[in-house]
Every structure is written in C-alpha cells, then in structure tokens.
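Encoded as structure tokens, the structure appears first; notes follow it.
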C-alpha cells in the first residue's frame, strides 16, 4: 500500500494554490469540500 507523505503534500498543495491565486475558500469551492478541509490538508493534519 502507498503511504502519502502528508508534509510534502501539504507544502505542494499550498504552493500550487497560491501560484494560481486561489484562497483556501476558492479552492474548496472548486473541489466541493469545505475550506476547513483545505486548511487541514495544508497543515498536514487530515486523517488517512
């Protein structure tokens, strides 16, 4: 089974979101999730 490196994903997500000029709320709307979920992903605290 593949284990996701949460820290690397968090950094990648944050960089890509900012590069596109999206707020966490705007990205959340595009992904049909809450802005709190995006925040957790970017902090690397989401559950697997």
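Numbering (our numbering), first residue to last: 93 to 140. Note that CB positions come from ideal geometry on N, CA and C, so glycine has one too. Bear in mind that the values here come from a model prediction, so they are computed numbers and not experimental data.
Rounded to whole angstroms, the separation of the alpha carbons of residue 118 and residue 106 is 13 Å. With distances taken between CA atoms, residue 127 lies nearest to 116 out of 137, 116 and 133. Judged by DSSP in its simplified three-state form, residue 104 adopts helix. With at least 16 other beta carbons inside 10 angstroms of its own, residue 120 counts as buried.
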